[in-house]
Amino acid sequence: MDTIFLIIYGLVIGSFLNVCIYRIPNNEPISYPPSRCTNCGNRIKWYDLIPVLSYVNLKGRCRFCNTKISAVYPLIEIFTAAILVGLYYKYGITFNFFKYAVFICILIVIGIIDLKTTDVYFSTILVGLITGVLFTSYAIFHYGIILNYIFGAVFAAGVIALIIILTKGMGWGDVEICFICGLYLGFKLSIVMLFLTFIIGAIVGGLLIITKRKSRKDYIPFGPFIALASIITIFWGENIMAWYFKSLM
Ligand SMILES: [Zn+2]
Numbered sequence: 065m066d067t068i069f070l071i072i073y074g075l076v077i078g079s080f081l082n083v084c085i086y087r088i089p090n091n092e093p094i095s096y097p098p099s100r101c102t103n104c105g106n107r108i109k110w111y112d113l114i115p116v117l118s119y120v121n122l123k124g125r126c127r128f129c130n131t132k133i134s135a136v137y138p139l140i141e142i143f144t145a146a147i148l149v150g151l152y153y154k155y156g157i158t159f160n161f162f163k164y165a166v167f168i169c170i171l172i173v174i175g176i177i178d179l180k181t182t183d184v185y186f187s188t189i190l191v192g193l194i195t196g197v198l199f200t201s202y203a204i205f206h207y208g209i210i211l212n213y214i215f216g217a218v219f220a221a222g223v224i225a226l227i228i229i230l231t232k233g234m235g236w237g238d239v240e241i242c243f244i245c246g247l248y249l250g251f252k253l254s255i256v257m258l259f260l261t262f263i264i265g266a267i268v269g270g271l272l273i274i275t276k277r278k279s280r281k282d283y284i285p286f287g288p289f290i291a292l293a294s295i296i297t298i299f300w301g302e303n304i305m306a307w308y309f310k311s312l313m
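Oh and the sequence shown: position 82 is 146 in our numbering, straight run, nothing missing.
Below is the structure:
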């Protein structure tokens, strides 16, 4: 029963994330005006705004002009629902559940916008910072761990800043994203996050160059890799760390 509720919540939240992903780069307010078709401008009826179901019902096309609606929309809704269910099974309804649910929602918005526009928007960073500080303050207040999260933020941002200074390979937006990730993950998990970011970046970057979709000189946004690495870290970071140290012995 809990799972069904979480799936519904997840789909609705995912639908809200879609609005953020679409509107923030266009400098449109999140809450107003109501959703319109991006092609014909017709206002979308409320019964066509039901997550996933409307997309299936309309066969992925606008009711008015028949333009194709991107499959990314329902996929983000399904992904968000899957994340909530996954977090529930890993953490139960605990402090960490809410903390990581908020964190992953922010990561989805930042990651997908970066993927589409290769830009990181300050408003999304600001939301990440404010919520990150709030969750961290709570953790500090209740568990007395002060340095872990501050170290995490400074360390993760510092590593990326160093890479930029040395190689000019990444962007300052990546430093901002990593600062937030460090704040949410703490020091130890930040190491895992950075490690996974570079592995995913190398694999995807390598594939894009081999398949000639990008050349060595093209800019490849790192935000999506950082987001994906952070999500993997939230679910399996501790296991990865345990496995790594065991294989060192
Ligand atoms: Zn239309």
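Glycine included, every Cβ here is placed at the ideal spot set by N, Cα and C. Treat the numbers as computed from the prediction; the structure is a model and nothing was measured.
Distance cut-off 7 Å: residue i Cβ against heavy atoms of ligand 1
i, result
"Asn103", "yes"
"Thr131", "yes"
"Asn106", "yes"
"Cys169", "no"
"Cys242", "no"
"Phe128", "yes"
Residue i burial status per 10 Å Cβ neighbour count (16 or more: buried)
i, result
"Leu247", "buried"
"Phe167", "buried"
"Thr200", "buried"
"Glu92", "exposed"
"Met313", "exposed"
"Ile290", "buried"
"Cys104", "exposed"
"Val184", "buried"
"Ala203", "buried"
"Thr144", "buried"
"Gly135", "Residue 135 is actually Ala in this sequence, not Gly. Under this definition Ala135 is an exposed residue."
"Tyr283", "exposed"
"Ile68", "exposed"
"Val120", "exposed"
Span of the alpha helix (DSSP H), counted from its first residue to its last, around residue i
i, result
"Val223", "211-231"
"Ile191", "Before going on, a small fix: residue 191 reads as Val here, not Ile. Residues 186-207."
"Ile273", "251-274"
"Phe80", "66-87"
"Phe159", "159-181"
"Met305", "287-312"
"Gly150", "136-155"
Distance, residue j Cα to residue i Cα
i, j, result
"Ile274", "Ile194", "40 Å"
"Trp307", "Lys278", "34 Å"
"Ile263", "Ser99", "38 Å"
"Leu75", "Ile157", "18 Å"
"Gly301", "Tyr137", "28 Å"
"Thr297", "Phe128", "43 Å"
"Ile139", "Ile210", "The residue asked about is misnamed: residue 139 is Leu in this sequence, not Ile. Their Cα atoms are separated by approximately 38 Å."
"Ile267", "Thr261", "10 Å"
"Gly265", "Gly233", "12 Å"
"Thr131", "Arg125", "5 Å"
"Thr188", "Gly237", "11 Å"
"Val197", "Ala217", "11 Å"
- Which parts of the region 88-134 are runs of the alpha helix (DSSP H), unbroken and 4 residues or longer, counting only runs that do not cross its ends? Restricting attention to alpha helix (DSSP H) runs no shorter than 4 residues, the region 88-134 encloses them at 117-121, ordered along the chain.
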